[in-house]
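> One structure, pasted below without further comment.
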Amino acid sequence: MTFPSPTQPGTSQPGERLAGHLLVEALIEQGIDTCFGVPGESYLAVLDGLHEHRDRIRFIACRQEGGAAFMAEAQGKLSGRPGVCFVTRGPGATNASIGLHTAFQDSTPMVLFVGQVAADQRDREAFQELDYRQMFGPGTLGMAKWVGEVHDPDRLPEYVSRAFHTAMQGRPGPVVIVLPEDMLTRPTSAPLLGRAEPALAWPAPSALADIRGLLAQAERPFVIAGGSGWDAAACAALQHFAEAWNLPVGCAFRFQDLFDNRHSNYAGDVGIGINPRLAERVRTADLVLAIGPRLGEMTTGGYTLLQAPRPTQRLVHMHAGAEELGRVYSADVLAQSSMACAAIALTTMAVPEQGPWATWTAGAHADYLANLVPTPVTPLDMAEVIKTVQQLAPHDTVYTNGAGNYSGWLHRFVQYHGLQHSGRTQLAPTSGAMGYGVPAAVAAALLYPQRTVVNIAGDGDFLMTGQELATATGYGAKRLISIVVDNGTYGTIRMHQEREYPGRVSGSDLYNPDFVALAKAYGWHGESVDATEQFAPAFERALQRQEPTLLHLQLSADVSTSRTTLSALRAAAIAGRTQQPHNLESGSRSAP
Numbered sequence: 001m002t003f004p005s006p007t008q009p010g011t012s013q014p015g016e017r018l019a020g021h022l023l024v025e026a027l028i029e030q031g032i033d034t035c036f037g038v039p040g041e042s043y044l045a046v047l048d049g050l051h052e053h054r055d056r057i058r059f060i061a062c063r064q065e066g067g068a069a070f071m072a073e074a075q076g077k078l079s080g081r082p083g084v085c086f087v088t089r090g091p092g093a094t095n096a097s098i099g100l101h102t103a104f105q106d107s108t109p110m111v112l113f114v115g116q117v118a119a120d121q122r123d124r125e126a127f128q129e130l131d132y133r134q135m136f137g138p139g140t141l142g143m144a145k146w147v148g149e150v151h152d153p154d155r156l157p158e159y160v161s162r163a164f165h166t167a168m169q170g171r172p173g174p175v176v177i178v179l180p181e182d183m184l185t186r187p188t189s190a191p192l193l194g195r196a197e198p199a200l201a202w203p204a205p206s207a208l209a210d211i212r213g214l215l216a217q218a219e220r221p222f223v224i225a226g227g228s229g230w231d232a233a234a235c236a237a238l239q240h241f242a243e244a245w246n247l248p249v250g251c252a253f254r255f256q257d258l259f260d261n262r263h264s265n266y267a268g269d270v271g272i273g274i275n276p277r278l279a280e281r282v283r284t285a286d287l288v289l290a291i292g293p294r295l296g297e298m299t300t301g302g303y304t305l306l307q308a309p310r311p312t313q314r315l316v317h318m319h320a321g322a323e324e325l326g327r328v329y330s331a332d333v334l335a336q337s338s339m340a341c342a343a344i345a346l347t348t349m350a351v352p353e354q355g356p357w358a359t360w361t362a363g364a365h366a367d368y369l370a371n372l373v374p375t376p377v378t379p380l381d382m383a384e385v386i387k388t389v390q391q392l393a394p395h396d397t398v399y400t401n402g403a404g405n406y407s408g409w410l411h412r413f414v415q416y417h418g419l420q421h422s423g424r425t426q427l428a429p430t431s432g433a434m435g436y437g438v439p440a441a442v443a444a445a446l447l448y449p450q451r452t453v454v455n456i457a458g459d460g461d462f463l464m465t466g467q468e469l470a471t472a473t474g475y476g477a478k479r480l481i482s483i484v485v486d487n488g489t490y491g492t493i494r495m496h497q498e499r500e501y502p503g504r505v506s507g508s509d510l511y512n513p514d515f516v517a518l519a520k521a522y523g524w525h526g527e528s529v530d531a532t533e534q535f536a537p538a539f540e541r542a543l544q545r546q547e548p549t550l551l552h553l554q555l556s557a558d559v560s561t562s563r564t565t566l567s568a569l570r571a572a573a574i575a576g577r578t579q580q581p582h583n584l585e586s587g588s589r590s591a592p
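Under the UniProt record's numbering, the letters of the sequence shown match residues 1 to 592, in that order.
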């Protein structure tokens with residue numbers, strides 16, 4: 001059977017076309033011009049639709065579904081609208097689940113389209129068949145906000161519209177749409193439903209009155225900004241609110257680009273490797289205004305900076321999702337609000353003539369500035385490496401990383417200019433997913449070719465998705481630099497081993513390839529850097545090239561974090577066990 005050529009979106013009476021083609025038209029109508037994925041036989045009709053509309057939307061064929069899903073997640077972070085990923089059934093979906101989980105924990109809008117077996121083969125454990133509603137289980141501890149399966153091609157526009165609305169509204173997050181193979185090849189003349197825009201929620205006036213009342217009583221207030229759904233206007237409003245009330249502002253774990261880090265009200269990042277002085281400041285605050293973050297484990301220091309369920313501080317929690325408010329913390333004020341509205345609403349509160357916390361705020365910023373001063377390390381000083389990157393790279397450079405101790409230098413020493421000045425410039429997984437940084441960097445370089453993108457990756461982190469260097473080369477990425485920090489170990493795990501089982505290393509050593517040769521095999525330029533003074537010239541050369549560059553940095557395994565070494569951790573752990581013996585069999589601590 002043959003079908004008419006697909007009609008263009010917006011035609012009042014669209015002609016009959018394959019459902020797979022209609023799906024592509026629906027994505028174009030949602031403003032999607034790039035999607036990521038790995039091709040599969042279960043959605044060939046969609047691939048044909050992408051070919052039909054190749055002048056309006058491109059499909060980036062990735063080397064593994066995990067990388068593709070990470071790229072779509074990064075797309076969602078950068079654009080504020082759902083990133084789009086296509087994968088085939090079974091193994092394709094399971095591989096993509098890491099990116100879906102990251103989107104869920106990071107509250108990133110994303111739509112994952114998964115091919116499915118034909119309807120007449122369902123429930124027979126057909127080739128690569130899975131039940132995706134069971135697998136991705138929507139819920140507060142699932143991997144998706146909603147999982148839908150389309151059986152009627154005439155309802156495809158309805159499902160796409162719902163998917164985009166659901167991904168963006170309330171607490172943003174990922175949605176999964178399952179596409180049976182036979183459904184995609186059926187003809188349909190269903191009309192499109194228009195571009196989805198999120199419904200925004202403003203905080204109640206009574207909540208704003210209560211917040212103002214708590215601020216009026218406070219002596220040591222502290223703001224923690226985080227979560228997704230922010231835009232430039234909201235970030236500008238947050239800065240205006242902080243200035244008007246002279247409040248210290250910290251950014252939640254891996255949301256450091258929400259507030260200008262150079263601003264006199266900035267106090268630092270509240271996350272892994274937190275400045276000890278900042279941690280103490282959060283603990284001793286008498287009022288915490290959490291604007292946007294979930295207040296998860298990393299931001300709260302394992303629920304110790306803010307004790308759960310009832311903090312010692314007075315707590316205001318503003319969040320876009322009603323289901324998140326009161327879920328972990330019993331707060332004094334719970335205010336549901338979209339982040340595009342929350343800070344703007346806060347600026348409407350009447351400001352008192354003088355708050356009593358000027359010294360408190362100035363001290364918070366002074367602590368932050370003091371934390372920018374590193375302890376020198378030889379022969380290769382990662383603090384100086386990051387400071388050099390910051391000095392030489394354009395102000396709107398996008399920084400990406402995955403998981404690992406190496407990211408601590410990036411978090412501590414990069415000063416982000418804020419969303420209102422540069423757009424999103426930090427792409428990092430609050431889910432702690434290794435392998436995120438390389439695909440995120442590739443996506444950023446392809447989506448914003450005019451911007452410089454710098455990826456910082458550990459050796460273990462890099463090799464989880466390093467094959468996506470081929471994707472960057474194949475699709476013409478240029479202003480892209482990947483800095484591989486090679487210490488021959490899974491550094492975070494080794495750190496925990498030395499703390500808990502000093503000197504008993506197991507499973508954390510790595511055997512690495514020649515990273516420079518690997519980069520060249522993928523069509524990148526590659527250089528090795530062995531000493532601090534070699535880095536600046538190498539990075540300057542990378543900035544001037546019209547091809548991606550990998551810089552291989554050899555770091556001693558002993559240099560564990562931006563604050564300590566494995567030797568110091570081991571010595572402290574051994575000394576502690578002298579005072580408090582450790583039962584290696586049970587993992588418990590017993591009295592002497």
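Beta carbons are placed, not taken as given, at the ideal position from N, Cα and C, and that holds for glycine.
By the 10 Å Cβ neighbour count, where 16 or more other Cβ atoms means buried, how is V414 classified, buried or exposed?
The residue is buried, with at least 16 neighbouring Cβ atoms inside 10 Å.
> Please report the residue range of the beta strand (DSSP E) in which A440 lies.
Taken as a continuous stretch (DSSP letters only), A440 belongs to no beta strand (DSSP E), being part of the alpha helix (DSSP H) at G437 to L447.
> Is it buried or exposed, P592, if we count other Cβ atoms within 10 angstroms and call 16 or more buried?
Residue placement at P592 is flagged as unreliable, the pLDDT there being 25, under the threshold of 50; the coordinate-derived value follows with that caveat. With fewer than 16 other Cβ atoms within 10 Å, it is exposed.
> Measuring alpha carbon to alpha carbon, tell me which of P187, T492, V270 and N455 ends up nearest S508.
Ranking the options by Cα distance to S508, first place goes to T492.
> If you draw a straight line from the alpha carbon of L410 to that of G15, how long is it in whole angstroms?
Going from the Cα of L410 to the Cα of G15 covers about 53 Å.
> Skipping 5 residues on each side, what residues in its chain have a beta carbon closer than 8 Å to that of A144?
So the list reads L100, F104, L112, F136, G137, P138, G173, P174, V175 and V176, once near-sequence residues are dropped.
> Taking C-beta to C-beta, are L550 and E527 nearer than 9 Å?
Yes, Cβ-Cβ distance for L550 and E527 is below 9 Å.
> Can the beta-carbon of G488 be found less than 9 Å from the beta-carbon of T465?
Taking 9 Å as the Cβ cut-off, G488 and T465 do not qualify as a contacting pair.
> So, under 8 Å CB-CB, G437 and T397 are touching, yes? Tell me the CB distance rounded to an integer number of Å.
Between T397 and G437 the Cβ distance is about 14 Å, and since that is not below 8 Å, they are no contact.
> Mind the definition here: the segment 16-30 touches the segment 180-194 only if three or more C-beta pairs lie below 8 Å; say whether that holds.
The segment 16-30 is in contact with the segment 180-194.
> Does DSSP put G503 in a helix, in a strand, or in coil?
Correct three-state label for G503: coil.
> In chain order, what are the residue ranges of uninterrupted alpha helix (DSSP H) at least 4 long that sit wholly in the segment 230-298?
Counting whole runs of 4 or more residues, the segment 230-298 contains the alpha helix (DSSP H) stretches 232-245 and 276-284.
> Name the residue from A69, A26 and L193 whose alpha carbon lies nearest to the alpha carbon of P39.
That would be A69, whose Cα lies nearest to the Cα of P39.
> For the segment 34-51 and the segment 81-96, state whether three or more C-beta atom pairs, one from each stretch, are separated by less than 8 Å.
Short answer: they touch.
> In or out: R54 buried (at least 16 other Cβ within 10 Å) or exposed?
R54 comes out exposed.
> Which value, in whole angstroms, describes the spacing of the CA atoms of R545 and A568?
R545 and A568: Cα-Cα distance of roughly 40 Å.
> Residues in its own chain within less than 6 Å of K520 by CB, not counting five upstream and five downstream?
Contacts found: G526.
> If F241 sits next to L346, beta carbons under 8 Å apart, how far is it from one beta carbon to the other, in whole angstroms?
Correct: roughly 5 Å between the Cβ atoms.
> Going by CA-CA distance only, name the one from L480, A433, D260 and V160 that's closest to A26.
Checked all of L480, A433, D260 and V160; the closest Cα to A26 is V160.
> When we look at the beta-carbon of A331 and count the other beta-carbons within 10 Å, is it buried (16 or more) or exposed?
Buried.
> What did DSSP end up calling F462 once you bin it into helix, strand or coil?
Note: F462 maps to helix in three-state DSSP.
> What residue range does the beta strand (DSSP E) around C35 cover?
Segment T34 to G37, the beta strand (DSSP E) holding C35.
> Could you give the distance in angstroms between the alpha-carbon of N583 and the alpha-carbon of E500?
Note on N583: pLDDT 33, under 50, position unreliable in the model; the coordinate value appears next. If I take the Cα positions, the gap works out to 10 Å.
> Look at the Cβ atom of V288, then the Cβ atom of V328, and state whether they are nearer than 9 Å.
Not a contact, by the Cβ cut-off of 9 Å.
> Suppose contacts are defined by Cβ-Cβ distances below 9 Å. Is T471 in contact with R63 by that definition?
The answer is yes: Cβ separation under 9 Å.
> Would you kindly report the start and end of the unbroken beta strand (DSSP E) that includes D486?
Counting along the chain, the beta strand (DSSP E) containing D486 begins and ends at L480 to D486.
> Out of curiosity, what's the CA-to-CA distance linking R421 and A126?
The sequence given here places His at residue 421; Arg does not occur at that position. Looking at the two C-alpha atoms, the distance is approximately 52 Å.
> If you draw a straight line from the C-alpha of Q30 to the C-alpha of V84, how long is it?
C-alpha separation (whole angstroms): 11 Å.
> Taking C-alpha atoms, which residue in I456, R494, A364 and R281 lies nearest to V389?
Considering only alpha carbons, the answer is I456.
> Which complete beta strand (DSSP E) runs does the segment 177-228 hold, if anything under 3 residues is left out?
Here the runs fully enclosed are 221-225.
> Examine chain B for any beta-carbon lying closer than 9 Å to the beta-carbon of A163, and answer yes or no.
Chain labels in this structure do not include chain B; a single protein chain is all it has.
> Can you tell me whether Y490 is helix, strand or coil according to DSSP?
Y490 falls in the coil class under three-state DSSP.
> Name the two residues that bound the continuous alpha helix (DSSP H) containing F113.
First-last for F113: M110 to Q116, but that is the beta strand (DSSP E), not the alpha helix (DSSP H).
> Hey, A383 and S562: beta-carbon distance below 9 Å or not?
Yes, Cβ-Cβ distance for A383 and S562 is below 9 Å.
> Ignore the nearest five residues each way along the sequence and tell me which others in A538's own chain have a CB closer than 7 Å to its CB.
So the qualifying residues of the chain are E527, V529 and L551.
> Please report the distance separating the alpha-carbon of V147 from that of S431.
Straight-line Cα distance between these residues: approximately 20 Å.
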